[in-house]
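Just so you know, the sequences run in chain order H and X.
Quick note on numbering: this note's numbering labels position 83 of the first sequence as 83, and the sequence is numbered without any gaps.
Quick note on numbering: this note's numbering labels position 132 of the second sequence as 132, and the sequence is numbered without any gaps.
As structure tokens, the structure follows; a few thoughts come after it.
2 protein chains.
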Amino acid sequence: MTGQRQFHPKGTHVLADLYGASPLLLADAAFLKGAASEAAERAGATLLAVHCHPFGPGQGVAGVVLLAESHLTFHTWPEHGFAALDAFMCGDCEPVLAIEYLNQALQAQSRVLRVMERGADSASGPAQENTSASVSA
Amino acid sequence: MTGQRQFHPKGTHVLADLYGASPLLLADAAFLKGAASEAAERAGATLLAVHCHPFGPGQGVAGVVLLAESHLTFHTWPEHGFAALDAFMCGDCEPVLAIEYLNQALQAQSRVLRVMERGADSASGPAQENTSASVSA
């Protein structure tokens, strides 16, 4: 991976709020770093860097996976069983696959997803399609 | 800043697509790193780390500012005059202020904003308010 930008400025951005997830996993920075990296790869993305900030023993973690196709971030609150994720990916990646992997890995009981198309085929204006979806399962 | 998590899992997430921005600035990793840090501070956020990936001379840059309140990311395409930003901040921060600062700093001609409330007052479910806004100016 040369790091050269290969992708058009158009992609899909998924916001996911996960509820009822495992407090132990939400506080495990090493687990989260590995799971987020695996999630990005399952979406078809190319990892550039992974950065993680644990807020302290038993506390939440903030992290990001920088991608050739954009990013995947995670912020966790073990004391609430809650994780806020977002995955923005250009090219042919499928960010929803990354979110679904993390939803399962974190053993979330329910989730709210928002799926949005971003960017443009040129600098002339925004992409036409904008959709959103909320899912509880 | 001890890094201790002080914030409830509820916040505002702003997605901003900027069009017609300065190609020179969109390719300037040092400028973007500084501008994104300044933007986060203007929103009232606490910086934990800043990470930046330039794709090569004259090419775009991917970056993230990790915050005690969550994150600010930027992805730029100088060849399209385009930048994709997102700012997710909990607590009393005002992420729109960060976006507006970057919109001006990058000399964007137009922008599309989406503003969404995320998270919950508890693990019992999502925040009630969800709003979005698109602005061209």
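Quick reminder that beta carbons are idealized off the backbone N, C-alpha and C, glycines included.
- With a cut-off of 8 Å on Cβ pairs, the segment 18–32 of chain X is in contact with the segment 59–79 of chain X, counting three or more such pairs.
- For LEU48(X), the closest C-alpha among the options VAL65(X), THR12(X) and GLY56(X) is that of VAL65(X).
- Across the segment 58–77 of chain H, CB contacts with chain X closer than 7 Å involve GLN59, GLY60, ALA62, VAL64, LEU66, SER70, HIS71, THR73, HIS75 and TRP77, in sequence order along the chain.
- Of the residues ALA40(H), GLY56(H), HIS75(H) and ALA83(H), the one whose Cα lies closest to the Cα of GLU69(H) is ALA40(H).
- With a threshold of 7 Å between beta carbons, ALA45(X) makes no contact with chain H.
- At least 7 Å separates the CB of ALA16(H) from every CB of chain X.
- Interface residue (Cβ-Cβ distance to chain H less than 7 Å): ALA84(X) is classified as such.
- At a cut-off of 7 Å, the C-beta of PRO23(H) has no neighbouring C-beta in chain X.
- Contact note: GLY119(H) reaches chain X through ASP17, PHE82 and ALA84, using a C-beta cutoff of 8 Å and chain order.
- Cβ neighbours of ALA35(H) within its own chain (closer than 7 Å, five residues either side excluded): LEU102 and ALA105.
- A Cβ-Cβ separation of about 7 Å places LEU67(X) in contact with MET89(X) under the 8 Å criterion.
- Judged by beta-carbon spacing, GLY63(H) lies within the 7 Å limit of PHE74(H), meaning their Cβ atoms are closer than that value.
- Cβ neighbours of PRO95(H) within its own chain (closer than 6 Å, five residues either side excluded): THR12, VAL14, ALA43, ALA87 and MET89.
- In the structure shown, PRO78(H) adopts helical secondary structure according to DSSP, grouped into three states.
- By the neighbour-count definition (other C-beta atoms within 10 Å, threshold 16), GLY58(X) is an exposed residue.
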